[in-house]
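First comes the structure, then the notes that go with it.
In our numbering, the protein residues as written are 1 to 311.
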């Protein structure tokens with residue numbers, strides 16, 4: 001059988017051949033499935049909750065570490081080993097300072113190794129399967145989400161196109177208390193065919209990859225995953241400003257408002273629900289196991305109030 005991988009190279013402005021982008025697009029028939037690509041920096045705390053489910057659900061996982069100082073690469077390898085899935089994991093290192101979202105990103109040439117756009121394309125060039133899945137180092141799959149991802153390759157039947165999903169922010173206050181934002185969010189592209197039609201370009205505040213016009217778009221069901229936000233961490237360290245425009249970046253604007261309201265003890269906005277786990281059970285584990293039923297039982301228009309905080 002002929003080799004259907006079509007490698008293509010893109011160079012960087014700094015002339016660093018070792019970090020040239022060498023894509024391995026799959027343009028012909030292939031029985032391969034998804035490779036999940038996690039671009040991470042200092043996600044050691046979240047990865048034990050994130051990686052096992054992703055490793056169980058896709059064919060390969062690439063963790064592209066961007067200069068973590070908390071042992072993130074070692075944690076990734078240990079978690080995969082403990083799950084008995086080390087053979088599915090590739091950990092790669094990207095040692096350059098990458099411009100943060102916002103003005104820093106705007107000022108950086110997209111072909112520089114310091115560009116968020118270039119870092120994303122370099123990270124996804126490690127994909128060798130038919131489909132690529134963008135995943136963040138703080139996104140926790142539910143059991144329902146694992147089943148959805150495992151079934152996707154045969155359901156898509158090799159077609160071009162994109163996968164979209166919506167993720168709810170979960171603000172973790174302690175080992176037993178978290179807050180779920182139930183306000184309806186927008187689905188975004190998180191998966192696509194590993195082909196020349198799906199690469200990242202530069203937008204004003206961040207990198208951008210949109211479905212090709214005319215390609216089918218498959219939206220995954222809502223309880224697939226949730227996004228961890230630790231209240232004691234620097235949640236916005238990857239942004240070079242906090243002037244989030246309502247029309248352009250309404251989700252990040254709401255994240256900022258909720259995060260600081262919770263940290264400062266302010267009155268809580270609507271649609272925020274307090275969750276407390278049973279004694280001896282970490283709230284993230286509790287949410288993972290109960291998230292689908294929790295979301296089905298909530299009515300966003302009535303969820304969340306200052307009284308729901310329990311303080």
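Beta carbons: idealized from backbone N, C-alpha and C, even for Gly.
A quick note: this is a predicted structure, and the numbers were derived from the prediction, not measured.
Given residue i, which residues of its chain have a CB within under 8 Å of its CB, disregarding the five upstream and five downstream residues?
i: residue 251; result: 185 and 186
i: residue 308; result: In this prediction, residue 308 scores a pLDDT of 40, lower than 50, which makes its location untrustworthy; the coordinate-derived value is nonetheless stated afterwards. Here the set comprises 268, 272, 273 and 274.
i: residue 19; result: 12, 94, 96, 113 and 122
i: residue 192; result: 131, 132, 161, 162, 163, 198, 209 and 211
i: residue 167; result: 139, 185, 224, 225, 226 and 227
i: residue 157; result: none
i: residue 99; result: 105, 107, 108, 114, 115, 116 and 240
i: residue 266; result: 260
Take residue i and list the residues in its own chain whose beta-carbon comes closer than 6 Å to its own, dropping the five residues that flank it on each side.
i: residue 145; result: 224 and 225
i: residue 284; result: 49
i: residue 313; result: This structure gives no information on residue 313, because the portion of the chain shown stretches from 1 to 311.
i: residue 205; result: 101 and 102
i: residue 230; result: 172
i: residue 8; result: 23
i: residue 125; result: 21, 22 and 23
i: residue 38; result: 63, 135 and 137
i: residue 71; result: 44
i: residue 61; result: 36, 54, 55, 88 and 89
i: residue 10; result: 21
i: residue 148; result: 220 and 224
i: residue 150; result: 57
Tell me whether residue i sits in a helix, a strand or coil according to DSSP, three-state version.
i: residue 200; result: coil
i: residue 193; result: strand
i: residue 177; result: strand
i: residue 304; result: In this prediction, residue 304 has a pLDDT of 38, which is less than 50 and means its spatial position is unreliable; nothing more can be read from the coordinates.
i: residue 210; result: coil
i: residue 253; result: helix
i: residue 272; result: strand
i: residue 183; result: coil
i: residue 221; result: coil
i: residue 60; result: strand
i: residue 42; result: coil
i: residue 55; result: helix
i: residue 227; result: strand
i: residue 281; result: coil
i: residue 216; result: coil
i: residue 232; result: coil
i: residue 70; result: coil
i: residue 205; result: coil
i: residue 311; result: For residue 311, the pLDDT reaches just 32, beneath the cut-off of 50, and the residue's location in the model is therefore unreliable, although a value from the coordinates is still provided. DSSP places residue 311 in coil when its eight states are reduced to three.
Taking the alpha carbon of residue i as the reference point, which residue from the options has its own alpha carbon closest?
i: residue 89; options: 198, 58 and 101; result: 58
i: residue 194; options: 116, 212, 254 and 206; result: 212
i: residue 218; options: 126, 42, 190 and 85; result: 190
i: residue 66; options: 120, 221, 53 and 230; result: 120
i: residue 233; options: 95, 81, 260 and 115; result: 260
i: residue 209; options: 188, 35, 220 and 21; result: 188
i: residue 33; options: 136, 263 and 127; result: 127
i: residue 296; options: 222, 276 and 270; result: 222
i: residue 254; options: 99, 277 and 181; result: 181
i: residue 169; options: 228, 149 and 46; result: 228
i: residue 27; options: 15, 151, 196 and 82; result: 196
i: residue 314; options: 266, 280, 265 and 235; result: Outside the modelled stretch of the chain, which goes from 1 to 311, sits residue 314, for which no answer is possible.
i: residue 29; options: 220, 153, 270 and 214; result: 153
i: residue 51; options: 86, 216 and 17; result: 86
i: residue 82; options: 47, 98, 107 and 147; result: 47
i: residue 263; options: 178, 183, 214 and 276; result: 178
i: residue 277; options: 17, 294, 265 and 99; result: 294
i: residue 183; options: 258, 15, 17 and 16; result: 258
i: residue 155; options: 25, 15 and 31; result: 31
Would you say residue i lies against chain D (beta-carbon separation less than 8 Å)?
i: residue 131; result: This model lacks chain D altogether; it includes just one protein chain.
Within its chain, find whatever has a CB closer than 7 Å to the CB of residue i; leave out the 5 residues flanking it on each side and keep chain order.
i: residue 13; result: 109, 111 and 112
i: residue 69; result: 42
i: residue 282; result: 175
i: residue 91; result: 63, 65, 73, 76 and 77
i: residue 216; result: 159 and 161
Stretch-stretch touch, CB-based, cutoff 8 Å, three pairs: the segment 116-134 with the segment 148-167: yes
Whole beta strand (DSSP E) elements within the segment 82-164, 3-residue minimum: 89-93, 131-135 and 139-141
Stretch pair the segment 103-110 + the segment 72-90: three plus CB contacts closer than 8 Å: no
Contact the segment 136-155 vs the segment 271-291: 3+ CB pairs below 8 Å: yes
3 or more residues per run - each beta strand (DSSP E) lying fully within the segment 8-40: Qualifying beta strand (DSSP E) stretches, in chain order: 21-26 and 34-40.
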